[in-house]
């Protein structure tokens with residue numbers, strides 16, 4: 141159940157990021173919501189599997205940068221999720237530049253934190 145709630149939170153966060161951040165475009169043959177759902181599922185799976193490993197490996201840099209490196213990790217995961225969804229499903233996000241991806245990662249982090257609190261997915 142937690143996975144579903146977190147995926148819903150990420151879905152809303154990615155939709156907000158695609159709407160707010162210039163350079164983040166939803167691509168795909170079908171409806172935009174389907175593409176965003178695919179990206180949200182991929183991000184949720186990456187957050188469960190790869191993100192903890194990257195956070196442990198990047199801990200020294202994160203300490204030195206006072207936590208800013210976590211945003212770089214989130215940006216990297218967003219690029220990976222966009223690549224996986226575009227390659228496997230032909231739908232997802234197109235990220236124009238690292239700056240757009242970085243800002244989108246910040247927006248996704250903030251919105252998903254708020255949505256997780258509203259949905260109770262942090263329990």
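Residue numbers (the numbering used here): 141 to 263. Glycine is no exception: its CB is placed at the ideal position from the N, C-alpha and C atoms.
| Query | Result |
| --- | --- |
| Is the stretch 180 to 191 close to the stretch 147 to 158, with three or more CB pairs under 8 Å? | yes |
| I need the straight-line Cα distance from residue 175 to residue 194, nearest angstrom please. | 26 Å |
| Using DSSP's beta-bridge definition, name the partner residues of residue 235. | 164 |
| Would you kindly work out how many angstroms separate the C-alpha atoms of residue 247 and residue 228, rounded to a whole number? | 25 Å |
| Throw me the rounded Cβ distance for the residue 222 and residue 213 pair, which I believe falls under 8 Å. | With 8 Å as the limit, residue 222 and residue 213 do not qualify as a contact, their Cβ atoms being about 15 Å apart. |
| Check the C-beta distance from residue 190 over to residue 160 and give it rounded, since I have them as a contact under 8 Å. | At roughly 26 Å, the Cβ-Cβ gap does not stay under 8 Å, so residue 190 and residue 160 are not in contact. |
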